[in-house]
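This report refers to the structure that appears directly beneath it.
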Amino acid sequence: MKNFLAIMAVASCLIMNSAQAIDSRVESAVQWACAIANDQTHGYSQGAETATAYNPYTGSRDAPDYDCSSLVYYAFNHGGFNIIDNWHKNPKFMSRYNGKQYVGDADTIWEDLSVDGGWKKFSWAEVADNLQRGDILCRPQFHVAIYIGDGKTVEARGVNNPRGGSYQTGDQGGEIDFYDAQGRGWTEVYRYTGGN
Numbered sequence: 087m088k089n090f091l092a093i094m095a096v097a098s099c100l101i102m103n104s105a106q107a108i109d110s111r112v113e114s115a116v117q118w119a120c121a122i123a124n125d126q127t128h129g130y131s132q133g134a135e136t137a138t139a140y141n142p143y144t145g146s147r148d149a150p151d152y153d154c155s156s157l158v159y160y161a162f163n164h165g166g167f168n169i170i171d172n173w174h175k176n177p178k179f180m181s182r183y184n185g186k187q188y189v190g191d192a193d194t195i196w197e198d199l200s201v202d203g204g205w206k207k208f209s210w211a212e213v214a215d216n217l218q219r220g221d222i223l224c225r226p227q228f229h230v231a232i233y234i235g236d237g238k239t240v241e242a243r244g245v246n247n248p249r250g251g252s253y254q255t256g257d258q259g260g261e262i263d264f265y266d267a268q269g270r271g272w273t274e275v276y277r278y279t280g281g282n
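What follows is the structure, given as structure tokens:
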């Protein structure tokens with residue numbers, strides 16, 4: 087059953103929902119994140135600037151390993167959004183990390199996406215039953231993921247996920263994987279509407 091669910095999640099990454107038009111840049115971001123999740127050479131790591139004894143620094147969060155926010159930043163940057171450039175202009179880039187953390191955190195994603203326009207922020211309650219492929223699901227200060235459709239997310243969830251893992255480079259469990267979107271404590275959803 088577990089293998090069947092994994093295959094279905096992969097299929098969700100590859101098939102666009104024809105009933106819903108999706109911006110090609112958002113689709114590119116989703117596809118990139120799914121490819122990272124399907125490549126076991128990519129695992130979970132927090133950056134040196136945010137490492138703790140409980141979450142040790144074992145490699146870069148800027149590839150080959152990612153944490154939840156860096157996966158989202160790189161995915162949408164790959165899709166053609168200016169999210170990383172916007173982070174470098176964000177005052178928090180210097181005030182938090184003295185310019186040493188290449189991409190932002192879960193609580194800066196909205197700031198860095200919204201600079202260029204076309205994005206809309208919803209509360210979870212507003213759209214929980216009407217999620218769209220490419221939505222960014224967020225609990226600022228805690229966690230962030232990308233919705234891929236069919237009730238699933240792609241996300242870097244770390245080593246404390248249902249399938250386990252370790253802090254070695256690469257994925258030794260479900261460190262970057264596909265998970266159920268519902269019942270996760272999300273509070274905000276960021277959706278690209280193209281200005282609509």
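For the sequence shown, my numbering assigns the number 87 to the initial residue and increments by one for each residue that follows. From the three backbone atoms N, C-alpha and C, an ideal C-beta is built for every residue, glycine too. Only a predicted model underlies this, so the values are computations on that prediction, with no experimental measurement involved.
Can you give me the Cβ contacts of residue i inside the same chain, cut-off strictly under 8 Å, excluding the 5 residues immediately before and after it?
| i | result |
| --- | --- |
| Ile262 | Ile122, Ala123, His128, Gly129, Tyr130, Tyr152, Leu157, Val240, Glu241, Ala242, Arg243 |
| Glu74 | No information on residue 74 is available, as it lies outside the stretch 87 to 282 that the chain covers here. |
Among residues of its own chain, excluding the 5 on either side of residue i, which ones have a beta-carbon nearer than 7 Å to its beta-carbon?
| i | result |
| --- | --- |
| Arg147 | Ser131, Gln132, Gly133, Asp153, Ser156 |
| Phe228 | Ala192 |
| Asp109 | Tyr278, Gly280 |
| Gly204 | Tyr278, Thr279, Gly280, Gly281 |
Assign residue i to buried or exposed, taking buried as 16 or more other Cβ atoms, counted over all protein chains shown, within 10 Å of its Cβ.
| i | result |
| --- | --- |
| Ala285 | Limits of the chain in this structure are 87 at one end and 282 at the other, which puts residue 285 out of reach. |
| Glu212 | exposed |
| Thr279 | exposed |
| Gly190 | buried |
| Gln187 | buried |
| Asn89 | In this predicted model, Asn89 has a pLDDT of only 47, less than 50, meaning its place in the structure is not dependable; the value taken from the coordinates is given anyway. Exposed. |
| Gly235 | buried |
| Gly251 | buried |
| Gly260 | buried |
Using alpha carbons as the reference points, say which of the options lies closest to residue i.
| i | options | result |
| --- | --- | --- |
| Gln31 | Gly256, Ser200, Arg277 | Shown here, the chain extends from 87 to 282; a query on residue 31 therefore has no answer. |
| Ser200 | Ser110, Gln117, Val275 | Val275 |
| Val230 | Gly259, Ile195, Gly204 | Ile195 |
| Val245 | Phe179, Gln258, Asn184 | Gln258 |
| Ala115 | Ala149, Ile222, Arg270 | Ile222 |
| Gly271 | Ser209, Arg249, Asn184 | Ser209 |
Tell me which residues share the same chain as residue i and place their Cβ nearer than 6 Å to its Cβ, disregarding the 5 neighbours each side in the sequence.
| i | result |
| --- | --- |
| Asp202 | Asn168 |
| Cys120 | Cys99, Val240 |
Heavy atom of the ligand COA less than 7 Å from the Cβ of residue i, yes or no?
| i | result |
| --- | --- |
| Thr194 | As far as ligands go, the structure on display features none, and thus does not contain the ligand COA. |
What is the C-beta distance between residue i and residue j, in whole angstroms, given that I count them as a contact (C-beta under 8 Å)?
| i | j | result |
| --- | --- | --- |
| Asn184 | Glu197 | The Cβ separation is near 18 Å, so there is no contact. |
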